[in-house]
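These notes concern the structure reproduced below.
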Amino acid sequence: MLHPRLRDDATRMRMLLYGQLVSKTVCTAVQLGLPEALAGGPRSAEDLAREVEAHPLALRRLLRALVPFEVFTEEADGTFALTGLGTTLLPDTPGTARPSALLLAGEVGGAWGEFEHTVRTGESAFRLINDIALFEHLERRPERREVFDRSQEAGLRLELDEIFEAVTFDRYRRIVDVGGGNGHLMCELLLRTPGSTGIVVDLPGTVPLAEKRIVEGGLIDRCTTTAGDFFSSVTPGADLYILSHILHDWGDDSAVSILRTCAAAMPPHGRIMVIDLLTDAAADDHGGRHRLPALMDLYMLSLFGADGGRERTGGEFGALLADAGLEAEETLVLPSGMAVITARPIIG
Ligand SMILES: C[S@@+](CC[C@H](N)C(=O)[O-])C[C@H]1O[C@@H](n2cnc3c(N)ncnc32)[C@H](O)[C@@H]1O
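The sequence shown begins at 14 in the working numbering and counts up one residue at a time.
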């Protein structure tokens, strides 16, 4: 007879293995447009199948599979409805997970198929499959770029409240968001900080998206954009250079190089603000949040390879700053495990 603990562990292990199927099923639900189709209330599988052009019996099985995972409920009359968790897949829910599902369903998630290659060789699985680095790929594929930016924006949306609660930006009059993507963070920042002006620096393919966002936000008088490469130069003379979710895309040498570019551009009173996950900050959390940095780290590994992006500890960020002639003036660890590290030049 099997020991009950062995039986439990063996079942738990299967759930870990089948986790990939859960992810795939949620992504498929998003690709089919099921959350939007259910936004108006419960519907039958047959009705849904007609609208989203799916096989009715296959679709019913998909819907039922996500009931125990609390994405949908099955009502007494056999119709299906969205749960609170399911509504996070709707495009207009603040912090929506929809763009992340679309990224996972596409070539970004596809890189996981070659993860063994990455672990054996240290090479980027994304590059192996697509023969191009992620950001170059996004520069060439505007429709993928838009999904990527929406995913970043939705992720930031979950962090903004705690960032603005913890950090006062009023003391910075001129702010550069380095690798600022579609300008989401900068626009939210300027709306809360009326005395400041901003510049969003990013790759040429992204800048038009940031310009659109700035116009929509009514910030055209206070915010500009610059297409540029943060390894060469960024706009000089600002009080603050923000690096939000930038350094985790790069290996140590590249990360130091980005920090040096910013340090060279800023005046002596200037500051650099790094916003990134801290792997050690979340490690004490027993609610499961410490799993996120670990998974994000592997996500970076699959995209950028062993010499590329990674999640870091506070000590590792400190070492990068020191290599760039900087030191942390303040490190705020936010409830989610995100850190806001404000750095200044080392004097003398
Ligand atoms: C992970 S996203 C972070 C976006 C945004 N800062 C945020 O917090 O969501 C990384 C950003 O770096 C930009 N980027 C990548 N390489 C760059 C380069 N060489 N010069 C400037 N921006 C670059 C990308 O286009 C992308 O917008």
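Beta carbons: idealized from backbone N, C-alpha and C, even for Gly.
Check	Outcome
Determine the contact status of Glu120 and Asn143, defining contact as a CB-CB distance below 8 Å.	yes
For Leu323, count neighbouring Cβ atoms within 10 angstroms of its own Cβ and tell me buried if that reaches 16, exposed if not.	The question names Leu, but residue 323 in the sequence shown is Arg. When all chains shown are included, Arg323 counts as buried.
Using 8 Å as the threshold, is the C-beta distance between Gly99 and Pro48 below it?	yes
Measuring only the C-alpha atoms, how far is Val180 from Glu136?	38 Å
Assign Thr134 to buried or exposed, taking buried as 16 or more other Cβ atoms, counted over all protein chains shown, within 10 Å of its Cβ.	exposed
How close, in whole Å, do the beta carbons of Tyr254 and Gly283 come, if the pair is a contact with beta carbons under 8 Å?	7 Å
Under the three-state reduction of DSSP, which class applies to Met14: helix, strand or coil?	coil
Compare the beta carbon distance of Val346 and Ala294 with 8 Å and say whether it is the shorter of the two.	yes
Given this structure, state the Cα-to-Cα distance separating Phe330 from Gly91, to the nearest angstrom.	53 Å
Nearest by alpha-carbon distance to Leu339: which of Gly53, Ile359, Ile227 and Arg158 is it?	Ile359
Could you spell out where the beta strand (DSSP E) holding Pro107 opens and where it closes?	No beta strand (DSSP E) contains Pro107, which DSSP labels as neither H nor E.
Counting C-beta neighbours from all protein chains within 10 Å, is the total for His197 16 or more, i.e. buried, or is it exposed?	buried
Under the three-state reduction of DSSP, which class applies to Gly361: helix, strand or coil?	coil
Following a CB-centred definition, is His258 positioned closer than 7 Å to any heavy atom of ligand 1?	yes
Please report how far the alpha carbon of Arg187 lies from the alpha carbon of Cys200, in whole angstroms.	13 Å
According to DSSP, is Asp22 helix, strand or coil?	helix
In whole angstroms, what is the alpha-carbon distance linking Ala167 and Leu95?	20 Å
Under a three-way DSSP split, which group does Ala341 fall into?	strand
Can you give, in chain order, each stretch of the alpha helix (DSSP H) that sits fully within the region 138-201 and has at least 4 residues?	138-143, 147-153 and 155-179
For Leu115, which residues from the same chain have a beta carbon less than 8 Å from its beta carbon, with the 5 sequence-adjacent residues on both sides left out?	Cys40, Val43, Gln44, Val160 and Ser164
Let me check one thing: in DSSP terms, what residues is Ile255 bridge-paired to?	Asp190 and Met286
Please tell me whether, using a cut-off of 7 Å, the distance from the CB of Val214 to the nearest non-hydrogen atom of ligand 3 is below it.	As far as ligands go, the structure on display features ligand 1 and does not contain ligand 3.
In whole angstroms, what separates the C-alpha of Leu19 from that of Leu30?	16 Å
Can the beta-carbon of Ala356 be found less than 8 Å from the beta-carbon of Gly327?	no
Relative to the C-alpha of Tyr185, which residue among Leu291, Asp162 and Ile285 is closest?	Ile285
Please classify Thr219: does DSSP put it in a helix, a strand, or coil?	coil
Taking Pro272 and Leu333 to be in contact with their CB atoms under 8 Å, please state how far apart those CB atoms are, rounded to whole angstroms.	Here residue 272 turns out to be Leu, not Pro, going by the sequence shown. Sure, about 6 Å apart at Cβ, within 8 Å.
Can you tell me which of the three DSSP states Leu364 falls into?	The chain is shown only over 14 to 361; residue 364 falls outside these bounds and no answer can be derived.
Based on the DSSP secondary-structure assignment, which residues constitute the bridge partners of Ile354?	Val287 and Thr344
Using a Cβ cut-off of 8 Å (strictly closer), state whether Ala42 contacts chain B.	In the structure shown, chain B cannot be found, because there is only a single protein chain.
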